[in-house]
Amino acid sequence: MPLALLALAIGAFGIGTTEFVIMGLLPQVAGDYGVSIPTAGYLVTGYALGVMFGAPLMTVLGTKVSRKRMLMVLMGLFIVGNLLSALAPAFSVMLIGRIVASLAHGAFFGIGAVVAAELVAPDKKAGAISMMFTGLTVANVVGVPLGTLVGQSLGWRVTFAVVAALGVIGLAGIARLVPDTPKPEGVHLKHELAAFKNVQVLLAMAMTVLGFGGVFAAITYIAPMMTHVTGFAEGSVTWLLVLFGLGMVGGNLVGGKFADRALMPMLYVSLGALAVVLALFTLTAHDKLLSAVTIALIGALGFATVPPLQKRVLDQAHGAPTLASAVNIGAFNLGNALSAWLGGLVIAAGLGYTAPNWVGAALAAGALLLAFLSAALERRDGARGTVVTGAAPAEQRTAVHH
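So the sequence shown is numbered by this note's numbering: it starts at 39 and just counts up by one.
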């Protein structure tokens, strides 16, 4: 794999760390600014919304420059946003810093996935994408726990300063290692937008929302589930999340490897198994060992879908994949927000802390159904193409006119 992928992975590591580390530092941030925990939670919500809206916005703005230059601009935004968070004199300023940093998130992964795929042979594209996303998954194993520890020991501002320094390293790596390919000729915004007329692109994005939503329906409420239902101490939740992160790393690498060989079968297996495991989590959550194993499996199966889904979007949006790729990253965050809301509804309805697992299982099963539908439509369109291709000239003309 090219060294340029390492630079992309470092950037992804920093972005993944800043996205999730805030969850472990909310009490400290709230205390320093004198706001409530729910108010401090806007730092999480604001970031997610920034990713959703920033992904298409920054990608559109970047259509006039080379992808390498746009990646460097995005890392610059990331650095500025985290420095602003680290130095913010008021809560509102920190919220602005979080939003500025989030604007880089979706477009970085969207454009980065396109660049990663272009760096390798066609039969290794999903593997290259998974290598870049490894930075995001490793962030949950290493960056988030260490960032939380640093924040609790030295102050949360130090954590965001360190994350900004990671951004500087990522920026330097991109500048040095990523090839400076010219902006693709003939690709304009209207071409990028045309990709959204493709039903297969929309189906892949819907699979992203539902499949990844299934993961976060359970993981969003993992702390109260593990402490109130399973009986873990509060301090154990951090290590349970490390298990989740380790599962993410393994699933991401396996998903990238097998998606290059058999993309749709990989989606069938991972989404189907994810639905089953999430449903079983309502039972295994009552046992400490089984719940730990289940959490690791949810991370593995959930992230096994990421490389194939991202590659699916790139394949179906061929010729103008950048905006579709970035919007698909926003779809992951939409899935997170949707599942967290639905999970909160079933808990508020009095169904218990394990109820979000059923929500997650239903979402994953919905994604699996969409995968079967997508494959069926592809086979139908392929069969029609074969008929037209094999027809006589007069028949071909008739088929074209109709």
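Where a beta carbon is used, it is the ideal one built from N, C-alpha and C, also for glycine.
- Judged by their CB atoms, Gly-381 and Thr-258 are nearer to each other than the 8 Å cut-off.
- The alpha carbon of Asn-236 has as its nearest neighbour, out of Thr-186, Leu-99, Ala-362, Phe-91, the alpha carbon of Ala-362.
- With a contact defined as Cβ atoms closer than 8 Å, Val-280 and Gly-340 miss out at about 16 Å.
- Counting only runs of at least 4 residues, the stretch 330 to 388 fully encloses the following alpha helix (DSSP H) elements, listed from N- to C-terminal order: 344 to 354, 360 to 386.
- Here Arg-350 has Ala-242, Leu-301 as same chain residues with Cβ atoms under 7 Å from its own Cβ, once five neighbours each way along the sequence are excluded.
- Under the three-state reduction of DSSP, Val-206 is assigned to helix.
- In the three-state DSSP reduction, Tyr-71 falls in the helix class (H, G or I).
- Annotation: the continuous alpha helix (DSSP H) that includes Thr-186 extends over 182 to 192.
- Here the stretch 171 to 183 does not lie against the stretch 124 to 142, with fewer than 3 beta-carbon pairs under 8 Å apart.
- For Gly-269, no alpha helix (DSSP H) segment is defined, and its DSSP state is neither H nor E.
- Residue burial annotation: Phe-270 is buried, with at least 16 other C-beta atoms found within 10 angstroms of its C-beta.
- The C-alpha of Lys-326 is placed about 25 Å away from the C-alpha of Asn-290.
- When the Cα atoms are used, Asp-298 and Ala-154 turn out to be separated by approximately 14 Å.
- According to the DSSP assignment, Met-170 belongs to the alpha helix (DSSP H) that extends over 163 to 176.
- In the DSSP assignment, Ala-313 falls within the unbroken alpha helix (DSSP H) covering 301 to 322.
- Of the candidates His-266, Leu-157, Ala-261, the residue whose Cα lies closest to the Cα of Asp-218 is Leu-157.
- Under the Cβ criterion (8 Å, minimum of three pairs), the stretch 359 to 378 counts as touching the stretch 142 to 151.
- Thr-276 has its alpha-carbon roughly 21 Å from the corresponding atom of Gly-69.
- 8 Å or more divides the Cβ of Leu-240 from the Cβ of Leu-401.
- About 5 Å separates the Cβ atoms of Val-267 and Tyr-391, confirming a contact at the 8 Å cut-off.
- Relative to Ala-342, the option among Phe-250, Leu-81, Ala-202 whose CA is nearest is Phe-250.
- Here the stretch 105 to 112 makes no contact with the stretch 54 to 64; the two share fewer than three CB pairs at distances below 8 Å.
- Of Gly-49, Ser-377, Thr-360, the smallest CA-CA separation from Lys-102 is found for Thr-360.
- Separation of the CB atoms of Gln-190 and Glu-416 is rounded to 50 Å, and the pair is thereby denied contact status at 8 Å.
- Within the same chain, and ignoring the five residues on either side of Val-344 in sequence, the residues whose Cβ sits closer than 7 Å to its Cβ are Phe-171, Asn-290, Gly-293.
- The beta carbon of Phe-282 sits closer than 6 Å to those of Ile-333, Gly-337, all from its chain and outside the five residues before and after it, given in chain order.
- A distance below 8 Å separates the beta carbons of Leu-64 and Gly-79.
- Counting every other CB atom within 10 Å of its CB across the protein chains shown gives Leu-309 a total of 16 or more, marking it as buried.
- For Ala-47, the CB contacts under 7 Å within the same chain, skipping 5 residues up- and downstream, are Met-169, Met-170, Thr-172, Gly-173 in chain order.
- When DSSP states are grouped into helix, strand and coil, Thr-219 belongs to the coil group.
- With at least 16 other beta carbons inside 10 angstroms of its own, Trp-194 counts as buried.
- In this structure, the straight-line span from the alpha carbon of Gly-420 to that of Phe-296 is close to 23 Å.
- Per DSSP, the continuous alpha helix (DSSP H) segment holding Gly-283 begins and ends at 275 to 297.
- Proximity to Tyr-71 across Ala-164, Leu-204, Phe-129, Tyr-306 peaks at Phe-129, based on C-alpha coordinates.
- The criterion of a C-beta distance shorter than 8 Å is not satisfied by Gly-165 and Ala-45.
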